[in-house]
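Take a look at the structure set out below.
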Amino acid sequence: MHIVISVLVSLFVGLLFGIGLILSGMTDPAKVLGFLDLAGNWDPSLGLVMGGAIAVSLLAFRVAAGRKTSLLGDVMRLPKSTQIDRRLVLGGLAFGAGWGLAGYCPGPALASLASGSAKPIIFGVAMLAGMVIFEVLEHLSAQKSYTSKANARR
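Residue numbers 621 to 774, in this note's numbering, belong to the letters of the sequence shown in order.
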């Protein structure tokens with residue numbers, strides 16, 4: 621029964637998030653690109669959307685940080701690292717470049733898939749390809765690190 625409730629709550633929260641993205645204009649690449657175009661016809665309205673999301677997230681993370689379990693009883697798994705490293709910076713740059721080129725980030729792209737338009741489908745495929753490439757590179761890096769450590773012990 622717990623699994624059914626967890627799935628239903630997840631479905632509700634996902635639908636609420638998707639509807640919020642649609643209503644706020646985050647699924648419209650032209651609106652997003654207008655927000656990112658600081659030198660042209662800048663549209664600051666998405667800044668309010670992001671500000672609201674950040675405020676809600678700050679509150680939610682503060683509450684979550686003081687809990688050992690979620691409201692549904694699952695173990696809380698919050699990020700522990702606060703380090704700004706090369707991987708974080710490069711990932712942020714790649715995310716920002718993709719957002720600026722396509723006008724989508726992952727959430728709005730997924731919500732836009734329902735439109736049947738080719739652009740969010742192409743973005744989704746490219747995003748999945750990037751995730752696969754990342755996993756392959758991580759696996760190869762881990763293998764290389766393991767091999768070099770094993771050779772150093774000999």
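Even for Gly, the Cβ is constructed at its ideal location relative to N, Cα and C. This structure is a prediction, so every number in the text was calculated from the model and none was measured.
Taking a contact to mean a Cβ-Cβ separation below 8 angstroms, would you say K635 touches V652 in this structure?
A small correction: the amino acid at residue 635 is Leu; Lys does not occupy that position in the sequence shown. Not a contact, by the Cβ cut-off of 8 angstroms.
Tell me whether the beta-carbon of L641 lies closer than 8 angstroms to the beta-carbon of T647.
Closer than 8 angstroms, so yes.
Return the CA-CA distance between R706 and M621, expressed in angstroms with no decimal places.
Spanning the two alpha carbons is a distance of roughly 43 angstroms.
Below 8 angstroms on the Cβ atoms is my contact criterion, and I expect P699 with Y724 to pass it. Report the Cβ-Cβ distance as a whole number of Å.
24 angstroms between Cβ atoms; not a contact.
Terminal residues of the continuous alpha helix (DSSP H) containing L710?
Per DSSP, L710 belongs to the alpha helix (DSSP H) from R706 to A722.
Kindly give me the distance between the Cβ atoms of P726 and M747, rounded to whole angstroms, as I take these residues to be in contact under 8 angstroms.
Contact holds; Cβ gap of about 6 angstroms.
From what residue to what residue does the alpha helix (DSSP H) around S644 run?
First-last of the alpha helix (DSSP H) with S644: H622 to S644.
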